[in-house]
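Here the structure is laid out as structure tokens; the discussion comes afterwards.
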Amino acid sequence: MKKKVLATILTFAMVVTSLAGCGSSGNGGSTSAPATDTQQTATAQTQTTDNTAAAETPAAEPAAELTGIDAIIAEAEGMTMEELANKAIEESNGKTFYGVGNSSRGKSALPLFIEYLQTIDPNYSMEFEWQQPKNNKIFEQLTSDSLKSEGTFAMTLIQDGNQIQSKMVDTAILKTFIPKEWAEANGTTADAYTGFLPLQTLNKVFMYNNTGSATYNNCWDFVYDGAHPLFMGVDSEIVGKNFLMMLTEDKYATWLKEAYDALDDTKKAYFEPTIQAMQADAGDLGLGANGAYALAWIKLWVNNYNEQTDDGPICNTLVDASATDQAGLLVYSKLRSVEESASVSVNNINVAAYQDGYTGIGGYGYCHYLFLTKNSPLPWTACAFIAYMTCTEKGFEAWGKDMGGYSANPNVAAEIEATFQHSQGGGDEFPAKNDRGYDWWTTEGELVLEDPVYCSEVSFTVGSWIDVLDHYSPGE
Amino acid sequence: MQQVAKPDKGAIFRNKVKTWFSQPQNIILLLFGIVLTFSTVAPIVAIVKDTFAIHPGTIDQHLTKRATGYTIVNYTDLFTSKLAKTNLWNPLLNTVILSVLTCFISILFGGLFAFLVTRTDMKFKKYLSSIFIFPYIMPQWTLAVVWQHMFYSNKITGTSDGLLAAIFHVYFPHWWCQGVFPSAMVLGLHYAPFAYILIGGIFKNMDANLEEAATILDTPKWKIMFKVTLPMIKPAILSTILLVFGSAMGSYPVPHYLNLTTLSTKYISMNSKYTGEASILAIIMMIFGVLILGMNQLSLKSRKNYTTVTGKSGQLTKLSLGKAGKWIVGIIFIVITFFTSIWPILLFALETFLPNPGDYSFLYSGNLAHLTSKWWVTNENITENGMYGQPGILYNKTIWHAFFGTLFLAVVCALIAGTIGTLIGYAVAKKRRNKWANYVNNVAFLPYLMPSIAVGAAFFILFSNEHINLFNTYTLLIIAGVVKYIPFASRSSLNSMLQISNELEEAAVIMNTSWIKRMTRIIIPIQKSSIISGYLLPFMTCLRELSLFLLLCTQGFILSTTLDYFDEMGLYAFSSAINLILIVTILVFNTLVNKLTGASLDSGIGGK
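Just so you know, the sequences run in chain order B and Z. As numbered in my numbering, residues 567 to 1042 make up the first sequence, in order. As numbered in my numbering, residues 3 to 610 make up the second sequence, in order.
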């Protein structure tokens, strides 16, 4: 009988063990997530904030009427970097800081931030954990964390303005903090600024393999007969869908119309029926005068792009000599990691917008935004860290050391460019790697910029329209 | 007049209870029945609830114009909208086709191999038996990546040329490169060792008396095969189907890499804007699991006649393939297994020395200077020269942290799931006609039949709320892993326990031998290889599980999510190195277990 009792106890113990688990939070894995495609390059020019003009509760309320995290943010927005640092030291000394983001480089920036705080107080110490969830899980993770009275995550670095607007900001899960120095550098104030706080803008640009005879002189060439550009796919990376939705905005639809006008008659004749067929849909969707051009381009793009799992494999493909005449839309900074070999070379590709005579959109830009969580356990430290990343060269260096991403603080962008010289990164040998900078891309380069408010508004009109389009499958 | 004493009802009841509890199998069934009911039903309830919930920023909010509350709009929209075909019916059809084809391929390939190893005089058995299980050791999508590297071409798939196109200018058709065929082939090859282990275990332990009797009666060999042998291994075939069907249905990475839209891939892609509808897809996958469970229930009822180990005799007669035949068949399988087991490993190893991912230019140029060791030995965080900001493999803390985390997870899951599963298998076999036993067996088995991605989603929803948030913790991964992998052990244990005649244990009971002693001296030694399989299968599966853990932790937390991340990013050198690390780890553990216990995954079949 004793054995039976023992058996009972053992089985019960095993079950309890299985349910109670053997470990709690595994920290290292999340603190050591690999690098992503979140590279950045400095730009010497001042960046305007219209690309981040997202609607949020204006921060104009007097601090006295605010409570909790809002009151802290309002107070922090009037503080200098050093004042914030002192608050952070007071708040988080000896504690653990949890951050979550789409970019793994927050993990690289945090130790530098701690070092900075230690220059003020040498005895300061802080543990940290930086998580980088897969797929779309960051939104669900932040949502579930927001249900607690005090959250786990102090702040987040997050992309996809559309979902941020509808899932995080409209629901008050995330809170925007505008650092004083950042506002000043952009010629505004925290009260006057109404958008999200961007850390950087990343660009995805059209490129094509030049080992064959195909030419892409116009953005419509990427959707011309027989073209199947490589692209991550609108379902696997939502910012790709945001790009398509943004094309229907008047400014970008007009760019498409102008590019269409520059086509020769043969190509115009090819596109004309599709554009005409889109007129009714453009009306139904409430688009502007050139909406049909945008819808036609989107339709042909979705019908024809060749979906890939990530920009990495797209880059690997395009720079290979065998990928004759292939094109793609991918993160520009991927070029930084190509190693020259017998069949692989950066010189096997052209950046479409850099080519003489190229007409039309050169790619699209999207931001990494910084937020505090509404129940941040370390709000002052989060504010200080955000200010550190957006207002100092050192804080932005984790991203700034690579080409293809642009600090939203013009002062930092200038410092980064002075240090890393991204505009001459490829020299004469690899001209494709000479990054022309944010201002060039958003003007001459015709970069389509993500607007969270617009994306959110058309998400279930234009977005749903995109959902029903047929997707291309190789071999069809 | 003497009064007849009234029976003391209380004493009778106490005696009945005492008698009931004196049987260990009753205690096991009661305890695990309750616990597994919670661990299985609670996630299902959570995900069903999610299908009715309104999620801010998604289609249900748009359609209901409300940000909170409950609605049936997710159901109406999924089944009746313009997107029904795209979001539901086509993926559903693809999923069913993929699952059926995968079962067919794995059973045909694995079953045939099991037969050849156990019932014929084929040569090279020991080597082949070891090598055959390699595809199961490797994460399933890595074979898909190998498939891409081999067969893709600029001409057909619109990418750069794979090896065969680049070197031999051979261009495989699209149906071969992408879609249901390669997905089913990859999954079929991946699960063939599963069929081999399950079917081979039965073949190996099968009593030859019935076949010998048929032979004496001059029955033709084909008739013996179809009328005697195959019916005897029917439980194993059925078990394989049950396990493989659910696994194939819930596989996310293989169809994702080979461009096939299934319910799993759709679940991921719909999750951001159609969250509630994605949960319905998970429910649909679960319904398939329940249906399969029903089939299992029917088969279990008819299994009373499959006792194959009686303690009486066990001499196997081996089919002769002929003097040349035994060599030819052996060599054929050496060639086949080279391409399914060795070639991928060679490619993985080679990949870690290529200058760029998939850049085999040293083969065309003949210049070995184009090979590099940078992926291994770079000891700094650089972004130039293709390192994408990663230190080399030997210095990459992400990889090594994930490795040790995974090892911990796999060991804990295997120990807990293996023990619970073995006990359940034993108890169910002892009480096979008892309804509660059947219930416990089913409720323990159900999570395995439910696709991994759906189980993962259910656990994520269950443990992400205002009271508890276990996302990205080993606790959550262990709970999910144990619940999911108990069937490996329970199935393996049940199959083997059903073969053991009750007479053996009854003899020991008559000798007043305790339960522990009966287990350790009689039951476990007889079916040691099956029971060890019940531990090794969860261990191996857990090491490279992705679909189940995909939604439960961040990339970099465990090896499979790290590996998938590198594969998605196109950093094949890192993912290949992780593959090599996994394979070596499993082989080391398999050898260690073999040395310590005399059993291994394939031992008892053809391993020795």
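For each residue, glycine too, the CB sits at the ideal point set by N, CA and C.
Sorted by chain position, which residues of the same chain lie with C-beta nearer than 8 Å to TRP863(B)'s C-beta, five sequence neighbours on each side aside?
Within the first sequence, residue 863(B) is the residue found at index 297, counting from 1. Correct list, in chain order: CYS785, TRP786, VAL789, LEU813, LEU822.
Look at the alpha carbon of GLU838(B) and the alpha carbon of TRP867(B), and state the distance between them as a whole number of angstroms.
Here residue 838(B) refers to the residue found at position 272 of the first sequence. Here residue 867(B) refers to the residue found at position 301 of the first sequence. Rounded to whole angstroms, GLU838(B) to TRP867(B) spans 15 Å at the Cα level.
When the Cα of TYR537(Z) is compared with those of GLU570(Z), LEU479(Z), HIS469(Z), GLY420(Z), which residue comes out closest?
Against the second sequence, residue 537(Z) aligns to sequence position 535. Closest option to TYR537(Z), Cα to Cα, is GLY420(Z).
Going by the CB atoms, is the gap between PHE743(B) and LEU938(B) shorter than 7 Å?
Position 372 of the first sequence, counting from 1, holds the residue named residue 938(B). Position 177 of the first sequence, counting from 1, holds the residue named residue 743(B). Taking 7 Å as the Cβ cut-off, LEU938(B) and PHE743(B) qualify as a contacting pair.
For ALA950(B), count neighbouring C-beta atoms within 10 Å of its own C-beta (all shown protein chains included) and say buried if the count is 16 or more, exposed if not.
As a first step, residue 950(B) must be located in the first sequence, where it is residue number 384. Label assigned to ALA950(B): buried.
Of the choices ILE270(Z), TYR276(Z), ILE199(Z), whose alpha-carbon is the least far from that of SER494(Z)?
By 1-based counting over the second sequence, the position of residue 494(Z) is 492. SER494(Z) has its Cα closest to that of ILE199(Z), out of ILE270(Z), TYR276(Z), ILE199(Z).
Contact defined as beta carbons within less than 8 Å: I believe ILE294(Z) pairs with ALA238(Z). What is the distance between those atoms, to the nearest angstrom?
Along the second sequence, one-based indexing puts residue 294(Z) at 292. Along the second sequence, one-based indexing puts residue 238(Z) at 236. At roughly 16 Å, the Cβ-Cβ gap does not stay under 8 Å, so ILE294(Z) and ALA238(Z) are not in contact.
Under 7 Å between C-beta atoms, does GLU905(B) make it to chain Z?
To locate residue 905(B), count along the first sequence from 1; it is residue 339. Yes, GLU905(B) lies at the interface with chain Z (some Cβ there is under 7 Å from its Cβ).
Please list the partners that GLY878(B) has in chain Z, where partner means a Cβ-to-Cβ separation under 8 Å.
As a working note, residue 878(B) is residue 312 in the first sequence. PRO359, TYR390, GLU570, MET571, GLY572, LEU573, listed in chain order.
Which class does SER691(B) belong to by DSSP, given the choice of helix, strand or coil?
As a first step, residue 691(B) must be located in the first sequence, where it is residue number 125. It is coil, neither helix nor strand.
Mind pulling the chain Z residues with CB within less than 7 Å of PHE1026(B)?
As a working mapping, residue 1026(B) is identified with position 460 in the first sequence. Those are ILE61, HIS64, listed as they occur along chain Z.
List the residues of chain B that ASP163(Z) touches, going by C-beta distances under 7 Å, in chain order.
By 1-based counting over the second sequence, the position of residue 163(Z) is 161. Per Cβ cutoff of 7 Å: SER888.
Report buried or exposed for GLN766(B), applying the criterion of at least 16 other Cβ atoms within 10 angstroms of its Cβ.
The residue labelled residue 766(B) in the question sits at position 200 within the first sequence. Burial call: buried.
To be precise: take each residue of the segment 174-200 of chain Z, compare its Cβ to all Cβ atoms of chain B, and keep it if any distance is under 9 Å. Which residues remain?
Against chain B - using a Cβ distance shorter than 9 Å - the residues of the segment 174-200 of chain Z are PRO175, HIS176, TRP177, CYS179, GLN180, GLY181.
What three-state label does DSSP hand PHE174(Z) in the structure shown?
As a working note, residue 174(Z) is residue 172 in the second sequence. PHE174(Z) falls in the coil class under three-state DSSP.
Does the segment 639-647 of chain B come close enough to the segment 689-703 of chain B to have 3 or more Cβ pairs within less than 8 Å?
No, the segment 639-647 of chain B is not in contact with the segment 689-703 of chain B.
Can you find the residues in the same chain that come closer than 6 Å, C-beta to C-beta, to TYR276(Z), ignoring five residues on each side of it along the sequence?
Taking the first residue of the second sequence as position 1, residue 276(Z) is located at position 274. Within the same chain, TYR276(Z) has close Cβ partners ILE61.
By Cβ distance below 7 Å, which residues in the same chain neighbour THR231(Z) in space, the five residues on each side in sequence not counted?
By one-based count along the second sequence, residue 231(Z) stands at place 229. Within the same chain, THR231(Z) has close Cβ partners GLU213.
Is the separation between the beta-carbon of TRP696(B) and that of GLY665(B) shorter than 7 Å?
Indexing the first sequence from 1 puts residue 696(B) at position 130. Indexing the first sequence from 1 puts residue 665(B) at position 99. Result yes, Cβ atoms of TRP696(B) and GLY665(B) sit closer than 7 Å.
Counting contacts by CB-CB distance shorter than 7 Å, is HIS171(Z) in contact with chain B?
Residue mapping note: residue 171(Z) aligns to position 169 of the second sequence, counting from 1. No, because no Cβ of chain B sits closer than 7 Å to the Cβ of HIS171(Z).
Which two residues bound the contiguous beta strand (DSSP E) that contains THR760(B)?
Taking the first residue of the first sequence as position 1, residue 760(B) is located at position 194. THR760(B) -> no beta strand (DSSP E), and no H or E assigned at all.
Could you tell me whether the Cβ atoms of CYS415(Z) and TYR487(Z) are closer together than 7 Å?
For the purposes of this step, residue 415(Z) is taken as residue 413 along the second sequence, with counting starting at 1. For the purposes of this step, residue 487(Z) is taken as residue 485 along the second sequence, with counting starting at 1. The answer is yes: Cβ separation under 7 Å.
Taking Cβ-Cβ distances shorter than 7 Å, what residues in chain B pair up with LYS84(Z)?
Numbered from its first residue, the second sequence carries residue 84(Z) at position 82. By Cβ distance, chain B contributes VAL1034.
So, helix, strand or coil for VAL897(B), using DSSP?
Mapped onto the first sequence, residue 897(B) falls at position 331. Strand at VAL897(B).
Using alpha carbons as the reference points, say which of ALA55(Z), SER498(Z), PHE134(Z), TRP91(Z) lies closest to ASN76(Z).
The sequence position of residue 76(Z) within the second sequence is 74, counting from 1. Ranking the options by Cα distance to ASN76(Z), first place goes to ALA55(Z).
For the putative contact between TRP898(B) and LYS807(B), defined by C-beta atoms under 8 Å, what is the C-beta separation to the nearest angstrom?
Sequence index remark: in the first sequence, residue 898(B) carries index 332 (1-based). Sequence index remark: in the first sequence, residue 807(B) carries index 241 (1-based). For clarity, residue 898(B) is Tyr in the given sequence; the question names Trp instead. Contact doesn't hold; Cβ gap of about 19 Å is too wide.
Work out the CA separation of ASP726(B) and SER108(Z) for me, nearest whole Å.
Taking the first residue of the second sequence as 1, we reach residue 108(Z) at position 106. Taking the first residue of the first sequence as 1, we reach residue 726(B) at position 160. Computed Cα separation, rounded: 42 Å.
Could you say which of GLY970(B), ALA979(B), ILE880(B), GLU1012(B) lies nearest to THR925(B) if we only look at CA atoms?
For the purposes of this step, residue 925(B) is identified with residue 359 of the first sequence, where counting begins at 1. Residue GLU1012(B) is the option with its Cα nearest to THR925(B).
Which runs of the alpha helix (DSSP H) spanning at least 4 residues fall entirely within the segment 998-1037 of chain B, listed in chain order?
Correct list: 1003-1008, 1018-1024, 1028-1033.
In the DSSP assignment, what are the bridge partners of ASN522(B)?
This structure cannot settle anything about residue 522(B), because the visible part of chain B is limited to 567 through 1042.
Just checking: is the beta-carbon of SER911(B) within a distance shorter than 7 Å of some beta-carbon in chain Z?
Residue mapping note: residue 911(B) aligns to position 345 of the first sequence, counting from 1. Taking Cβ atoms only, chain Z never reaches closer than 7 Å to SER911(B), which makes this a no.
With a threshold of 7 Å between beta-carbons, can GLU279(Z) be considered close to chain B, or not?
Stepping through the second sequence from its first residue, residue 279(Z) is reached at position 277. For GLU279(Z), the answer is no, since every Cβ of chain B falls outside 7 Å of its Cβ.
So, with DSSP's three-state summary, where would you put LEU85(Z)?
Position 83 of the second sequence, counted from the first residue, corresponds to residue 85(Z). Of the three classes helix, strand and coil, the one that applies to LEU85(Z) here is coil, per DSSP.
Given that ILE804(B) touches chain Z, what residues does it touch there, using C-beta distances under 9 Å?
By one-based count along the first sequence, residue 804(B) stands at place 238. In chain order: SER274, LYS275.
Threshold first: 4 residues or longer. Then list the alpha helix (DSSP H) segments lying entirely within the segment 478-529 of chain Z, N to C.
The qualifying runs are 504-512, 517-520.
Bridge partners for GLN697(B) per DSSP, in chain order?
Position 131 of the first sequence, counting from 1, holds the residue named residue 697(B). Answer by DSSP bridge pairing, in chain order: VAL666(B).
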